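The numbers in the numbering used here rise by one with no breaks, and the one at position 30 of the sequence shown is 355.
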Amino acid sequence: NPKECKYTPGSRKIKLQWSKLTGVSKIKVQLSTKEKSGYKTVATLKGTKTSYTISKYNKKALSKGKNYYVRVLYYSGSNKGDVYTQSRAIKVR
Numbered sequence: 326n327p328k329e330c331k332y333t334p335g336s337r338k339i340k341l342q343w344s345k346l347t348g349v350s351k352i353k354v355q356l357s358t359k360e361k362s363g364y365k366t367v368a369t370l371k372g373t374k375t376s377y378t379i380s381k382y383n384k385k386a387l388s389k390g391k392n393y394y395v396r397v398l399y400y401s402g403s404n405k406g407d408v409y410t411q412s413r414a415i416k417v418r
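Encoded structure:
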């Protein structure tokens, strides 16, 4: 279930972990400084990946003490039935 993505803030980074999913061909990790808009893809991963660490946004290091909004998009091979996680506010340490 994609909703079980775990977000762990670190020093100028955010670590994401999720369980291996079947039927997923591609995963996109997106980040924004606003909850409702401005999401940029920071990584496009193979569907077999189960973790990723975000350390940059707009080619710059994440800012200490700032809130970022993270969402993960899971794509099936046919691009039908694609699933998005709810965006989560994560404060970088």
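Backbone N, C-alpha and C fix where the C-beta goes; we use that ideal spot for every residue, glycine too. Every value quoted in this text rests on a predicted model; they were computed, and no experiment measured them.
Which partner residues of residue i appear in the DSSP bridge assignment?
{"i": "V354", "result": "A368, V397"}
{"i": "V408", "result": "Y399"}
{"i": "R413", "result": "V395"}
With a threshold of 16 other CB atoms inside 10 Å of the CB of residue i, please say whether the residue is buried or exposed.
{"i": "Y409", "result": "exposed"}
{"i": "Q355", "result": "buried"}
Which residues in the same chain as residue i place their Cβ atom closer than 7 Å to its Cβ, once the five residues preceding and following it in sequence are excluded?
{"i": "P334", "result": "I415, K416, V417, R418"}
Determine the extent of the beta strand (DSSP E) in which residue i is found, giving its start and end residues.
{"i": "L341", "result": "338 to 342"}
{"i": "K331", "result": "331 to 335"}
Once you ignore the five residues that flank residue i on each side, which residues in its own chain have a CB closer than 8 Å to its CB?
{"i": "E360", "result": "Y394, S412, A414"}
{"i": "T358", "result": "Y382, K391, N392, Y393, Y394"}
How many angstroms separate the CA atom of residue i from the CA atom of residue j?
{"i": "Y400", "j": "V349", "result": "6 Å"}
{"i": "Y389", "j": "G363", "result": "This sequence places Lys at residue 389; Tyr is not what is there. Their backbone Cα atoms lie some 20 Å apart in a straight line."}
If you drop the 5 nearest sequence neighbours on each side, which residues of the same chain put their C-beta closer than 6 Å to that of residue i?
{"i": "K353", "result": "T366, T369, L398"}
{"i": "K331", "result": "Q342"}
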